[in-house]
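Everything on this sheet refers to the single structure shown next.
There are 2 protein chains.
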Amino acid sequence: MKANKRPTIKQVAKAAGVSTQTVSRVINDRPDVAPETRARIQKAIDVLGYQPSALARSLIQQRSYTLGVVTAGLKFIGPSRTLNGIASQAEASGYMLLLKELPRFDTENIEPLLQTLLSRHVDGVIWAVPEVGDNHRWVDTFLAKVPVPIIFIAMENRSDLSIVNCDNYLGGRLATEHLLQQGYNRIGHISGPLDWWESRERKAGWQAALAEAGIDSLESHCAEGNWSSASGEIAFRQLLSQYRDMDAVFVGNDQMALSVLQIASRNRIAVPSQLGVVGFDGLAEAPYYWPPLTTVIQDQSLLGSTVVREIVHLIEKTRSADGGIEHKMISLKPVLTVRESSVRNS
Amino acid sequence: MKANKRPTIKQVAKAAGVSTQTVSRVINDRPDVAPETRARIQKAIDVLGYQPSALARSLIQQRSYTLGVVTAGLKFIGPSRTLNGIASQAEASGYMLLLKELPRFDTENIEPLLQTLLSRHVDGVIWAVPEVGDNHRWVDTFLAKVPVPIIFIAMENRSDLSIVNCDNYLGGRLATEHLLQQGYNRIGHISGPLDWWESRERKAGWQAALAEAGIDSLESHCAEGNWSSASGEIAFRQLLSQYRDMDAVFVGNDQMALSVLQIASRNRIAVPSQLGVVGFDGLAEAPYYWPPLTTVIQDQSLLGSTVVREIVHLIEKTRSADGGIEHKMISLKPVLTVRESSVRNS
DNA sequence: CTGAAAGCGCTAACAC
DNA sequence: GTGTTAGCGCTTTCAG
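In structure tokens form, the structure reads like this:
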């Protein structure tokens, strides 16, 4: 039961008794075809189930309507929410997605991977890998050789690149200021891994908010996790012993905050009365933690759709005007959602 | 600062003073090239930064080393874990991924989407959309027209298709049998949406285990959610009122189980002493729920890598022997992980 | 309105 | 060993 192969434009032409060019005109909706001829060709197309080859088209038009997407850590919810936004906006904009997932966040030797994408004639590249350590170092040496627009997600702003990210610094401030307003004033912090740019920003936001309130943020008031709930548990235990009179904690993501809530339950530390807790990310599950978790929501799906809109724009611009490309930096604002875990007099 | 365009094989040939054919031999590692010539060509390649066009190759070789992947619900963790497995195995097998995400699980009118993929000359298609309602109906009418192998994830077994799924029925049994062993015997069930094949299987497993223990499973002993924590809350409240002396509950996924735990906390129902709870999926966070959640782990990443191995195999087979393809059904076995939420005498 | 010729970037099948 | 010819499936001139 082997399915038959795809028909070609030639076969359609023969079936309709015309040349391939005329068929081409029909499938491209060109006006200059006699109605009668058009109908005959359309019929042949339908009968044969003909579908033009996007490959052949890409080759000749030097344009594939394909975007290369490089991601990492799809098994975590953050990157997949972003990919979700990318995928739906790409569909809407008429682009296909060629997907590559890095084995690790700090994968080196990016060049061959990028070459694979380019060998497929992608019209643009979306670099959806967060900035970790110097995993973006290749940009300085290799970017000039990339002949198509490229746009980055979640990396530090720099004026020579196009970047879309979330304002993590603001998020850290929002979380901490909220805790201060609630009357907590010995606020600890569990950060993500500090080789992540995003972690450092969130931590800086925490420090800034404390500083503004005239509170010193000592190193003993923070601990470092790796985003996982398991690491959150360890970090929280460390914090409990380092910062005895801590009355609140701003946690770098919701997963780690979850373990904070668990340990609090186990150790009969009442949340929020004895300990205020605020997370980051806005997971769909956070309202169902116990107690429901106050968190800083970042709309990663919007991040993804924004990045697609921007790169499509860049592609159009690059193709028409040949002038220098202006790089744009877009910073999406996260939003604090207050729930029981941080509200003292409820 | 416009980057220069990709060099072609012709330019390399001219630079090295040979014909394109000889360059082709070099980039394909063919043996019959004089060492001296090879070196000269290689140098030209390096200098120009030449990379062969995979597009042109695909066209002539009638083979793209690209897999079409159709998914849905990437913003949920399940589909992305599967995609994670697909991506890493595809990389290992030397295939690229062309990704399409359906806007909804029950999207109709699949044909144009599949055509887009085929117009890109994918060598095979992975249908990673769970079976919901009759969203797989297109298979009967349209599959014959698809000229490449196609393989399905999470749909009911049928011998005329290649399918990889998780044994959800077994999972339901494992969960329920465990609760029975723990001495619970009034076991309710919160299912996923019953138009999902997976939901029905899990529920059937629950029923079968109860039946074997000589216990009737009444309709009032179950409630239906939609996988979300929010729906889990509603379903659990319904169950509490319908099934007054329920002493345990098997929940169709971990997210819904999370709300069960929350409501139990709120209502001072002690888990596990008054109520045993078992979830499904094996989320990384489940050990950090309170109390830690017993759950049925399904390895979705393995599901993804298995499906890629299978389709690559199918592709090879289709290309060589022209004989009929045998369809294979692979059912991965889920594993029960026992934690505090279901252990009575701990 | 329609067709013939050329070619996108590459490789298969032959020559030499 | 290396070059020539042809052509993958399509579109772009440019004739007619």
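Keeping their order, the protein sequence lines are chains B and Y.
All residue numbers for the first sequence refer to our numbering, where the first residue is 194 and numbers rise by one.
All residue numbers for the second sequence refer to our numbering, where the first residue is 194 and numbers rise by one.
In this text, a Cβ means the ideal position worked out from N, Cα and C, and glycines have one as well.
- Under the DSSP definition of a beta bridge, which residues are partnered with Ser524 (chain Y)? DSSP output for Ser524 (chain Y) lists Y:Asn358 as bridge partner(s).
Residue-chain proximity (Met194 (chain Y), chain B), Cβ-Cβ < 8 Å: Any answer about Met194 (chain Y) is weak, because its pLDDT of 40 lies below 50 and its placement is not dependable; what the coordinates show is given next. At a cut-off of 8 Å, the C-beta of Met194 (chain Y) has a neighbouring C-beta in chain B.
Which same chain residues end up closer than 6 Å to Asp447 (chain Y) when comparing Cβ atoms and leaving out the 5 residues on each side of it in sequence?
Listed in chain order, the non-local C-beta contacts of Asp447 (chain Y) below 6 Å within the same chain comprise Gly472, Asp474, Leu476, Ala479 and Thr488, local neighbours out to five positions each way being set aside.
Open item on the list: Rounded to whole angstroms, what is the Cα-Cα separation between Val219 (chain B) and Pro527 (chain Y)?
Closed with: Each residue's Cα considered, the two are about 53 Å apart.
* Residues of chain Y with a CB under 8 Å from the CB of His249 (chain B): which are they? -> Just to set this straight, residue 249 (chain B) is Ala in the shown sequence, not His. By Cβ distance, chain Y contributes Leu252.
(message) So, under 8 Å CB-CB, Asp440 (chain B) and Arg379 (chain B) are touching, yes? Tell me the CB distance rounded to an integer number of Å.
(response) About 5 Å separates the Cβ atoms of Asp440 (chain B) and Arg379 (chain B), confirming a contact at the 8 Å cut-off.
- prompt: Arg256 (chain B): which of B:Glu509, B:Ser534 and B:Pro296 sits nearest, CA to CA?
  reply: Of the candidates B:Glu509, B:Ser534 and B:Pro296, the residue whose Cα lies closest to the Cα of Arg256 (chain B) is B:Glu509.
Notebook entry, point to check: Are Asp492 (chain B) and Leu525 (chain B) touching if we call contact CB-CB under 8 Å?
Noted result: Result yes, Cβ atoms of Asp492 (chain B) and Leu525 (chain B) sit closer than 8 Å.
So what does Asp474 (chain Y) bridge to, in DSSP terms?
In the DSSP assignment, Asp474 (chain Y) forms a beta bridge with Y:Ile490.
Practice prompt. With a threshold of 16 other CB atoms inside 10 Å of the CB of Phe335 (chain Y), please say whether the residue is buried or exposed.
Written response: Around the CB of Phe335 (chain Y), fewer than 16 other CB atoms lie within 10 Å, so the residue is classed as exposed.
> What does a CB cutoff of less than 6 Å around Glu519 (chain Y) pick up in its chain, not counting 5 residues either side in sequence?
Replying inline: Within the same chain, no residue comes within 6 Å of Glu519 (chain Y) by CB-CB distance, once the 5 residues on both sides are set aside.
* To do: Measuring alpha carbon to alpha carbon, tell me which of B:Glu417, B:Glu426 and B:Asn538 ends up nearest Ser466 (chain B).
  => When each option's Cα is compared against that of Ser466 (chain B), the closest is B:Asn538.
Please tell me whether Ile344 (chain B) and Val500 (chain B) are closer than 8 Å, where the distance is taken between their beta carbons.
The answer is yes: Cβ separation under 8 Å.
Nearest-angstrom Cβ-Cβ length linking Leu165 (chain Y) and Cys359 (chain Y), presumed shorter than 8 Å:
Not covered by the structure: residue 165 (chain Y). The range shown for chain Y is 194 to 539.
Q. Pro296 (chain Y) versus chain B: which residues are under 8 Å apart at the beta carbon?
A. Correct list: Ser281 and Glu284.
Check your understanding: Under 8 Å between the Cβ atoms of Ser355 (chain Y) and Lys521 (chain Y)?
Key -> The answer is yes: Cβ separation under 8 Å.
Comparing the C-beta of Glu478 (chain Y) with each C-beta of chain B, is any distance below 8 Å? The C-beta of Glu478 (chain Y) comes closer than 8 Å to at least one C-beta of chain B.
State the Cα-Cα distance for the pair Ala347 (chain Y) and Ile346 (chain B), rounded to the nearest angstrom. Taking the straight line from one Cα to the other gives about 32 Å.
(Q) Per DSSP, what are the beta-bridge partners of Gly261 (chain Y) in this structure? (A) In DSSP, Gly261 (chain Y) forms a bridge with Y:Leu291 and Y:Val318.
Enumerate in chain order the residues of its own chain whose CB-to-CB distance from Tyr482 (chain Y) is below 7 Å, with the five nearest sequence positions on each side excluded.
Same-chain partners within the cutoff: Leu451 and Leu454.
(message) Give me the chain Y residues within the contact set of Thr530 (chain B), using Cβ-Cβ distance strictly less than 9 Å, ordered along the chain.
(response) In chain order: nothing, as chain Y lies at least about 15 Å away.
Query raised in the report: Interface residues of chain B around Thr230 (chain Y) at Cβ under 7 Å?
Result: Within 7 Å Cβ-Cβ: nothing; Thr230 (chain Y) doesn't reach chain B, min ~24 Å.
Quick check: what's the CA-CA separation for Tyr377 (chain Y) versus Ile456 (chain B)?
C-alpha separation (whole angstroms): 27 Å.
**Sequence-distant residues of the same chain with beta carbon closer than 7 Å to Arg366 (chain B), five excluded per side** = Result list for Arg366 (chain B): Gly398, Ala401 and Ala402, in chain order.
task: Give me the Cα-Cα distance between Arg502 (chain B) and Ser286 (chain B), rounded to the nearest whole angstrom.
output: Computed Cα separation, rounded: 8 Å.
| request: Consult DSSP for Trp399 (chain Y) and reduce its assignment to one of helix, strand or coil. | output: In this structure, DSSP gives Trp399 (chain Y) a helical state, which the three-state scheme calls helix.
| task | Give the straight-line distance between the Cα atoms of Arg395 (chain Y) and Asn197 (chain Y), rounded to the nearest whole angstrom. | result | If you draw a straight line from the Cα of Arg395 (chain Y) to the Cα of Asn197 (chain Y), it comes to about 57 Å.
Practice task
Determine the closest residue to Pro323 (chain B) out of B:Gly407, B:Phe443 and B:Ala265, with distance taken between C-alpha atoms.
Solution key: The option with the nearest alpha carbon to Pro323 (chain B) is B:Ala265.
Q) Just curious, the alpha helix (DSSP H) that Glu417 (chain Y) is in, first and last residue? A) Looking at the DSSP string, Glu417 (chain Y) is not in any alpha helix (DSSP H); the run it does join, the beta strand (DSSP E), is Cys415 to Glu417.
Check whether chain Y comes within 8 Å of Thr487 (chain B), counting only Cβ atoms and requiring the distance to be less than that. No, because no Cβ of chain Y sits closer than 8 Å to the Cβ of Thr487 (chain B).
Can you check whether the C-beta of Ile427 (chain B) is within less than 8 Å of a C-beta belonging to chain Y?
Ile427 (chain B) does not count as touching chain Y.
- Of the residues B:Asp239, B:Thr259 and B:Ile523, the one placed nearest Val505 (chain B), counting alpha carbons only: Checking every option, the nearest Cα to that of Val505 (chain B) belongs to B:Thr259.
Could you name the residues of the same chain whose beta carbon sits closer than 6 Å to that of Val216 (chain B), not counting the 5 residues immediately before and after it, in chain order? Closer than 6 Å at the Cβ level, and outside the excluded window around Val216 (chain B), lie Ile202, Val205, Ala206 and Ile234.
### Message
Which of the three DSSP states is assigned to Lys195 (chain Y) in this structure?
### Response
For Lys195 (chain Y), the predicted structure reports a pLDDT of 46, less than 50, and the residue's modelled location is therefore unreliable. The matter cannot be settled from this model.
Which residue wins for smallest C-alpha separation from Gly364 (chain B), given the options B:Val444, B:Asp333 and B:Thr275?
Across the set B:Val444, B:Asp333 and B:Thr275, the C-alpha of B:Val444 shows the shortest separation from the C-alpha of Gly364 (chain B).
For the segment 305 to 339 of chain B, which residues have a beta carbon sitting closer than 8 Å to at least one beta carbon of chain Y?
Cβ contacts with chain Y come from Gln308, Thr309, Leu311, Ser312, Arg313, His314, Ala337, Lys338 and Val339.
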